[in-house]
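Chains as they are written, first to last, in this note's numbering: chain A, 1 to 226; chain V, 227 to 524.
First up is the structure itself, then whatever we jot down about it.
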Ligand SMILES: Nc1ncnc2c1ncn2[C@@H]1O[C@H](COP(=O)(O)OP(=O)(O)OP(=O)(O)O)[C@@H](O)[C@H]1O
Ligand SMILES: [Mg+2]
């Protein structure tokens with residue numbers, strides 16, 4: 001699904017923020033990406049969701065070698081990936097409904113069916129009463145749920161979440177994680193970048209740990225309890 | 227327009243109407259279209275005038291003879307009439323010649339006072355059957371003192387001036403078009419900068435560059451058409467004013483110095499094409515600007 005071979009990355013002419021990353025993410029896997037602040041977690045995710053290019057090494061995504069994939073084929077790859085951005089990145093002038101419908105519209109789908117599916121999804125994340133609300137009128141937790149709904153609405157095969165539990169309390173975070181687990185059961189590969197050790201211990205996962213731009217451990221961990 | 231947009235591009239994901247980036251665009255485009263309309267009308271009027279001068283003089287020549295030899299005059303007339311391609315050759319009598327000179331010498335002149343040259347008005351069929359060089363040779367043989375005038379001495383500088391003015395007009399239209407393109411580029415870049423965050427999101431969730439460009443191009447088309455309509459209306463009013471001034475007896479003197487700005491239906495059609503032209507230029511410019519900017523994203 002995702003394959004890195006000796007990948008390095010730098011911003012502009014700066015130093016390498018990621019070095020010699022070699023890893024494989026299997027279809028249907030559930031991954032936590034951990035590491036201290038500044039270790040390069042967000043940068044690694046950006047490489048996967050095609051916001052940045054590696055400065056060296058080889059990335060293979062859904063079987064496509066990114067170095068040789070023509071630019072015009074990248075949008076189709078991006079549509080298979082759902083991203084929950086650390087800062088949500090909702091579009092301010094669009095309602096919650098239109099924000100969540102955006103990935104479908106971009107893919108050329110519109111109409112009544114789309115609207116109903118999106119409304120259904122928003123109800124599922126507990127925002128039935130806020131379909132027409134602008135992001136600015138929603139609380140942080142509500143915005144986060146809109147962002148998550150937008151990431152999953154097109155049923156991506158790969159879901160990337162960058163600190164998706166940063167803005168909510170412990171119980172809220174656990175509820176969100178259960179949502180990801182449910183998606184994972186339906187076949188979506190999940191990668192979650194997080195700081196919260198206490199949280200991830202409760203879920204079975206594979207752990208990718210970054211330290212100073214290098215991948216130090218890749219371990220399979222069972223949940224301590226479920 | 228919203229119906230059109232639904233068919234052509236779907237709802238706008240970016241609030242381009244409300245961001246202010248294109249607020250001045252219609253006014254700029256209106257001014258450009260106004261200037262272009264006047265320049266175009268001037269060019270077409272000049273072109274028409276030049277064609278009329280040429281047509282009026284095509285197939286006419288004048289032969290000038292020193293006065294005082296009626297037998298030679300008749301011989302020259304006979305030679306001229308026998309030349310292939312010549313339709314008519316008429317000797318102007320003294321009264322007609324004096325009338326020709328009236329603008330320079332004033333009326334009430336006694337023809338007897340002047341030793342006027344004799345003029346022969348020559349009409350040819352204007353086609354390939356007439357050979358001016360051959361005629362000049364035959365004329366020189368019959369009367370070496372005769373002068374053949376084909377009027378090019380007068381008309382050529384006029385035609386050259388008209389051509390220069392037409393080139394100037396075309397340059398104005400091109401320059402104005404370039405200025406309009408530049409303002410559209412800047413307005414589009416402003417829009418891109420204002421909505422950079424939203425554009426990045428669209429890009430990352432898999433929007434093709436053309437999808438994002440569509441948002442800008444329909445808005446630019448709208449603004450371009452709005453400006454074009456305004457400029458064209460103002461230009462049309464101005465031209466109609468010129469035409470009316472040309473017809474009005476009290477203003478005829480003032481307007482006499484101007485080329486006739488009355489346009490043919492074809493001319494009005496050409497002017498009307500400035501409207502879709504402005505819209506199209508706006509659309510294409512915005513699209514190309516956005517696509518070039520997005521091409522820098524990974
Ligand atoms: N846009 C950027 N331009 C230049 N340098 C950057 C940029 N983004 C991140 N960096 C640098 O790259 C390194 C890794 O940053 P990154 O955001 O990937 O860390 P992180 O592990 O996500 O940290 P955190 O847990 O605080 O979110 C840092 O040293 C950071 O300063
Ligand atoms: Mg980060």
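Beta carbons are placed, not taken as given, at the ideal position from N, Cα and C, and that holds for glycine.
Would you call residue i buried or exposed, if buried means 16 or more other Cβ atoms sit within 10 Å of its Cβ?
i, result
"residue 144 of chain A", "buried"
"residue 429 of chain V", "buried"
"residue 367 of chain V", "exposed"
"residue 325 of chain V", "exposed"
"residue 99 of chain A", "buried"
"residue 378 of chain V", "exposed"
"residue 511 of chain V", "buried"
"residue 524 of chain V", "exposed"
"residue 126 of chain A", "exposed"
"residue 186 of chain A", "exposed"
"residue 417 of chain V", "buried"
"residue 301 of chain V", "exposed"
"residue 389 of chain V", "exposed"
"residue 124 of chain A", "exposed"
"residue 278 of chain V", "exposed"
"residue 120 of chain A", "exposed"
"residue 225 of chain A", "Reliability fails at residue 225 of chain A, whose pLDDT of 41 lies under 50, so the model's placement of it is uncertain and no value is given."
"residue 360 of chain V", "exposed"
"residue 163 of chain A", "buried"
Comparing the CB of residue i with every heavy atom of ligand 2, is any distance shorter than 8 Å?
i, result
"residue 87 of chain A", "no"
"residue 243 of chain V", "no"
"residue 163 of chain A", "yes"
"residue 193 of chain A", "yes"
Can you pull the DSSP bridge partners for residue i?
i, result
"residue 23 of chain A", "A:4"
"residue 59 of chain A", "A:4"
"residue 290 of chain V", "V:345 and V:373"
"residue 81 of chain A", "A:158"
"residue 32 of chain A", "A:192 and A:207"
"residue 217 of chain A", "A:209"
"residue 10 of chain A", "A:16"
"residue 317 of chain V", "V:346"
"residue 312 of chain V", "V:350"
Quick one: which residues of the stretch 432 to 462 of chain V get their C-beta closer than 8 Å to a C-beta of chain A? List them in chain order.
432, 433, 434 and 437
Just to be sure I understand the criterion: a residue counts if its Cβ is closer than 5 Å to at least one heavy atom of ligand 1. Which residues meet that?
A:11, A:17, A:37, A:38, A:39, A:40, A:41, A:42 and A:43
Which of the residues in the stretch 415 to 428 of chain V, read from start to end, lie with their CB under 8 Å from any CB of chain A?
423, 424, 426, 427 and 428
The stretch 513 to 524 of chain V: which residues have C-beta closer than 7 Å to a C-beta of chain A, in chain order?
For the stretch 513 to 524 of chain V, which is checked against every Cβ of chain A, the residues closer than 7 Å are 524.
Near-chain V residues of the stretch 44 to 67 of chain A - C-beta to any C-beta below 8 Å
Within the stretch 44 to 67 of chain A, the residues whose Cβ lies closer than 8 Å to some Cβ of chain V are 49, 50, 51, 52 and 53, listed in chain order.
Residues of the stretch 168 to 191 of chain A in Cβ contact with chain V at a cutoff of 7 Å, in chain order, please.
Considering only beta carbons, no part of the stretch 168 to 191 of chain A lies closer than 7 Å to chain V.
Name the residues in the stretch 239 to 256 of chain V whose C-beta lies less than 9 Å from a C-beta of chain A; which are they?
239, 240, 241 and 244
What are the residues of the stretch 97 to 131 of chain A that lie near chain V, defined by any Cβ-Cβ distance shorter than 7 Å?
102, 103, 105, 106, 107 and 110
Give, in chain order, every residue of the stretch 495 to 507 of chain V whose Cβ lies closer than 8 Å to some Cβ of chain A.
none
What residues in the stretch 138 to 164 of chain A have a beta carbon less than 7 Å from any beta carbon of chain V?
none
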